[in-house]
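The structure appears below as structure tokens.
There are 2 protein chains.
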Amino acid sequence: MLISELATPALVADSATIDRNVATMAAARPGRALRPHVKAHKCTALAGVQAAAGHTTFTCATPREVVGMAAAGLGDDLLLANETVDPLRLRAMAQLDIPVTVAVDSEATVTAAAAAGISRCLIDVNVGLPRCGVAPGEAGRLADVARRAGLNVRGVMGYEGHLMMVADREQRRDQVDESMALLVRAHADVGGDIVSAGGTGTFDLHDGNGVTEVQAGSYALMDTHYGSLGLPFEQALYVVGTVISVGEGFAVADVGLKALGMDHGNPSVEHGKVWFCSDEHVTFTPDATLTVGDRVRVIPAHVDPTMAMHDSLWLMRDDEVVDRWPIDLRGW
Amino acid sequence: MLISELATPALVADSATIDRNVATMAAARPGRALRPHVKAHKCTALAGVQAAAGHTTFTCATPREVVGMAAAGLGDDLLLANETVDPLRLRAMAQLDIPVTVAVDSEATVTAAAAAGISRCLIDVNVGLPRCGVAPGEAGRLADVARRAGLNVRGVMGYEGHLMMVADREQRRDQVDESMALLVRAHADVGGDIVSAGGTGTFDLHDGNGVTEVQAGSYALMDTHYGSLGLPFEQALYVVGTVISVGEGFAVADVGLKALGMDHGNPSVEHGKVWFCSDEHVTFTPDATLTVGDRVRVIPAHVDPTMAMHDSLWLMRDDEVVDRWPIDLRGW
Numbered sequence: 011m012l013i014s015e016l017a018t019p020a021l022v023a024d025s026a027t028i029d030r031n032v033a034t035m036a037a038a039r040p041g042r043a044l045r046p047h048v049k050a051h052k053c054t055a056l057a058g059v060q061a062a063a064g065h066t067t068f069t070c071a072t073p074r075e076v077v078g079m080a081a082a083g084l085g086d087d088l089l090l091a092n093e094t095v096d097p098l099r100l101r102a103m104a105q106l107d108i109p110v111t112v113a114v115d116s117e118a119t120v121t122a123a124a125a126a127g128i129s130r131c132l133i134d135v136n137v138g139l140p141r142c143g144v145a146p147g148e149a150g151r152l153a154d155v156a157r158r159a160g161l162n163v164r165g166v167m168g169y170e171g172h173l174m175m176v177a178d179r180e181q182r183r184d185q186v187d188e189s190m191a192l193l194v195r196a197h198a199d200v201g202g203d204i205v206s207a208g209g210t211g212t213f214d215l216h217d218g219n220g221v222t223e224v225q226a227g228s229y230a231l232m233d234t235h236y237g238s239l240g241l242p243f244e245q246a247l248y249v250v251g252t253v254i255s256v257g258e259g260f261a262v263a264d265v266g267l268k269a270l271g272m273d274h275g276n277p278s279v280e281h282g283k284v285w286f287c288s289d290e291h292v293t294f295t296p297d298a299t300l301t302v303g304d305r306v307r308v309i310p311a312h313v314d315p316t317m318a319m320h321d322s323l324w325l326m327r328d329d330e331v332v333d334r335w336p337i338d339l340r341g342w
Numbered sequence: 011m012l013i014s015e016l017a018t019p020a021l022v023a024d025s026a027t028i029d030r031n032v033a034t035m036a037a038a039r040p041g042r043a044l045r046p047h048v049k050a051h052k053c054t055a056l057a058g059v060q061a062a063a064g065h066t067t068f069t070c071a072t073p074r075e076v077v078g079m080a081a082a083g084l085g086d087d088l089l090l091a092n093e094t095v096d097p098l099r100l101r102a103m104a105q106l107d108i109p110v111t112v113a114v115d116s117e118a119t120v121t122a123a124a125a126a127g128i129s130r131c132l133i134d135v136n137v138g139l140p141r142c143g144v145a146p147g148e149a150g151r152l153a154d155v156a157r158r159a160g161l162n163v164r165g166v167m168g169y170e171g172h173l174m175m176v177a178d179r180e181q182r183r184d185q186v187d188e189s190m191a192l193l194v195r196a197h198a199d200v201g202g203d204i205v206s207a208g209g210t211g212t213f214d215l216h217d218g219n220g221v222t223e224v225q226a227g228s229y230a231l232m233d234t235h236y237g238s239l240g241l242p243f244e245q246a247l248y249v250v251g252t253v254i255s256v257g258e259g260f261a262v263a264d265v266g267l268k269a270l271g272m273d274h275g276n277p278s279v280e281h282g283k284v285w286f287c288s289d290e291h292v293t294f295t296p297d298a299t300l301t302v303g304d305r306v307r308v309i310p311a312h313v314d315p316t317m318a319m320h321d322s323l324w325l326m327r328d329d330e331v332v333d334r335w336p337i338d339l340r341g342w
């Protein structure tokens, strides 16, 4: 099948570009130095490409992602890098064949994990992003609580998400160093082998700072948001649309905000300038003459929620569709 | 089951509030004076409530919505208020037992519809929103083209989407009148019985202006965006979350931007003030002391894309879950 034969809107990724992005990252952070974050794609087939590149540990944001990865037999060490107190979901994760580690940042999350039979945790440390994570000075105390509850405390994690988009690389490095100093001090109090941090925007700023593994996900597919940072990863993902209307000075394609993560703003259109998105439309100025029925490529501003809005990712090589990957880790 | 027993994030709607919203609209625009837009909820069970209130005509934004409504046996007159040139999807709609009308705004869309066996259309007229729609002065000519192609031209439609959020009601009315004057003039050239327009924000501004039916959808569930207009519809929809972390001056719940339409900005939290959303988190200042495990209600800024992100809507009466409605019209 050719791309031009796909019903639209169609989520499409360039197979060779994914392979290059995954290889570039695997060279920079081989094996367990990267714990690929599957929340960015929610797709076990793509996680399989990351596994084939040598990564055997994975990061998840939801219990559903953990359970789905285990069902697909991917990885030998799955981390839920997030807090949950849901007893049913914790129990489901505890019963998997693949060892699961969960993040904890409070006595309540420790208690819930232990009660459900979870046996491994990381102490989640607040390194500057006001989200989850215990205050750095409290990490050691919480590790003691976790050990008393019977958990194996494998180390710490801290996500410097507030620094991913610092535009200047040197400034980004300095701020990451400050942030990671908090994590490393917490690690001294906590113990364990793991210091887990980072994301695509800071993947190459963790050498020699004590971080043992980076949790990056977006690098495999990329989006316009990360694209502005000059990272060594190329745009692989877009949504193919069909021009359904042409007005005076603008065209309209059938790729709307129900097909695009919009929290980072409007998408881009190849060979055009976006005006706005509606539920099922993008209105844009085309660089050249377009007619109804022409295909356009729309590039999402944020890859993670875009993936979660589609049930399939079409893989292409040149203009040919070579595979369909179910986006099988959606939901919670 | 109680709401407090639902796994989170959970999309929940108050059953009595839906009933009141639907009754209020049915009183203002009874029967065929309203063509409820199912894109707002993508849920045949909710469309069934609208049908029970006396509406037998429905508006859809995607072929999937049309096909799903027909499969559920809902309505006697379905409108795809959108353009498509997809031959397979047009053919699927043409073969349904329920009569389907499609919007056309170009010779290409007319030709595609006729070739696929579609027999009814509305001429989509640009009434000021730069999206789909033929220029008003071209509508009569396009109607002639459609009739020559064998289509039954039932009238016109025009969506004044750019006016939905004009804050002052009188100003909104004046601008709607100007916009609808364009549609009525086009209708004089086109002919047919239908002049279709409007949405929730302008549902009560179409009396005596020539519009025969209003395409409103959001009114049944509502969101914070429309909530700012002082309409006679109440908030029925929210996403229930669990507090998973409490920091200094803020709390974090497990309702993130993958569970919320974000194109109209951040959601609101009952009894709190939202700071920001991440993929799986909302960080907010709580009005009172919250502890890990507490439940919170998050109110989406935009109902339509929020519905499309969930597979089920839980119906509640007081604190009890009384039904689960599949969101079965998702996708394209």
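Chains as they are written, first to last, in our numbering: chain A, 11 to 342; chain B, 11 to 342. Glycine residues also receive a C-beta, built at the ideal position from the N, C-alpha and C atoms.
Chain-ordered chain B contacts of residue i [CB-CB under 8 Å]
i	result
Cys70(A)	Correct list: empty, because the minimum Cβ distance to chain B is about 10 Å.
Ser116(A)	Ser255, Val256 and Val302
Arg99(A)	Ala17
Asp321(A)	Gly341
Through-space distance from residue j to residue i, alpha-carbon basis
i	j	result
Leu325(A)	Glu290(B)	27 Å
Leu267(A)	Val135(B)	22 Å
Glu180(A)	Ile337(A)	36 Å
His235(B)	Thr27(A)	39 Å
Leu241(B)	Gly271(B)	21 Å
Thr34(A)	Phe243(A)	8 Å
Val10(B)	Ile254(A)	Coverage of chain B is limited to positions 11 through 342, which leaves residue 10(B) absent and any answer about it impossible.
Thr72(B)	Gly171(A)	37 Å
Leu56(B)	Trp335(B)	8 Å
Ile61(A)	Gly41(A)	One point to set straight first is that residue 61(A) is Ala, not Ile, in the sequence displayed. The straight-line gap from Cα to Cα measures roughly 9 Å.
Met11(B)	Pro97(A)	16 Å
Test item: CB-CB of residue i and residue j under 8 Å
i	j	result
Gly64(A)	Ala36(A)	yes
Val224(B)	Leu44(B)	yes
Ala104(B)	Val110(B)	yes
Leu300(B)	Val256(B)	yes
Thr252(A)	Gly303(A)	yes
Met319(B)	Ala269(B)	yes
Thr66(B)	Leu89(B)	no
Ala113(B)	Ala91(B)	yes
Ala80(B)	Leu106(B)	yes
Ala50(B)	Gly202(B)	no
Ala246(A)	Ala20(A)	no
Gly138(B)	Met174(B)	no
Val205(B)	Gly150(B)	no
Arg130(B)	Trp342(B)	no
Val364(A)	Leu161(A)	The requested residue 364(A) does not occur in the structure, where chain A is confined to residues 11 to 342.
Phe260(B)	Pro46(A)	no
Gly220(B)	Val194(B)	yes
Residue i - DSSP class collapsed to helix/strand/coil
i	result
Ser129(B)	coil
Lys49(A)	helix
Pro242(B)	coil
Pro296(B)	strand
Gly58(B)	helix
Ala191(B)	helix
Tyr169(A)	coil
Leu89(B)	strand
Thr282(B)	Note on residue identity: the sequence assigns Gly, not Thr, to residue 282(B). Three-state DSSP puts Gly282(B) in a strand.
Thr94(B)	coil
Asp199(A)	helix
Val262(A)	strand
Pro315(A)	helix
Gly78(A)	helix
Under 7 Å from the C-beta of residue i: neighbouring residues of chain A
i	result
Asp29(B)	The contacting residues do not exist; Asp29(B) stays about 25 Å from chain A at best.
Val262(B)	Arg141 and Cys142
Glu93(B)	Ile254 and Ser255
Beta carbon proximity, residue i to chain D, threshold 8 Å
i	result
Ala318(B)	This model lacks chain D altogether, as its protein chains are A and B.
Proximal chain B residues relative to residue i, where beta-carbon distance stays under 9 Å
i	result
Gly171(A)	Ser288
Partner residues on chain A for residue i, Cβ-Cβ distance less than 8 Å
i	result
Asp314(B)	Lys268 and Asp289
Arg45(B)	What Arg45(B) touches in chain A: nothing, since even the nearest Cβ is about 16 Å away.
Met272(B)	Gly271, Met272, Asp273 and Pro315
Trp285(B)	Pro140
### Query
What residue ranges within the segment 104–151 of chain B form continuous beta strand (DSSP E) runs of no fewer than 3 residues, ordered along the chain?
110–114 and 130–134
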